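In this note's numbering, the protein residues as written are -18 to 121. In this text, a Cβ means the ideal position worked out from N, Cα and C, and glycines have one as well. Bear in mind the structure is a predicted one, so any value in this text is a computation, not a measurement.
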């Protein structure tokens, strides 16, 4: 599956019926990370969930192992250094870069288009924080 760079968050949820509406609840942590803002408009994509039986029948063992690793492990680790491109600014002015699977890395004191080498200082379930260790040229 291709994941667009505009992806702001990814979570599993249930569509619930309330009065004349269908509602999807966004976990509070998605707003606390600074990538979403209450009251703002976002596009939502819904993917159907296969039953466990369907998943077991259609997935090979290597596919199950990769899926399990993707779900459980962020693609970055504390202390790791990476060169990233700052793609956007968060609500508080921090630079936002993306690692594998659209995983957001927040980098303070950077500007959009800047290429920097960072050290990952804190990794959470859906976001990581990093500090600049070297600055490169702007990406084009």
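Distance between beta carbons of residue 75 and residue 89, contact taken as under 8 Å: 5 Å
Terminal residues of the beta strand (DSSP E) in which residue 77 lies: 76 to 79
Integer-rounded CB distance, given that residue 114 should sit under 8 Å from residue 104: About 17 Å separates the two Cβ atoms, so there is no contact after all.
Buried versus exposed, by CB contacts within 10 Å (16 or more), residue -7: exposed
Segment limits, beta strand (DSSP E) that includes residue 62: 62 to 66
Residue 194 - DSSP class collapsed to helix/strand/coil: The question about residue 194 has no answer, for the chain in this structure spans -18 to 121.
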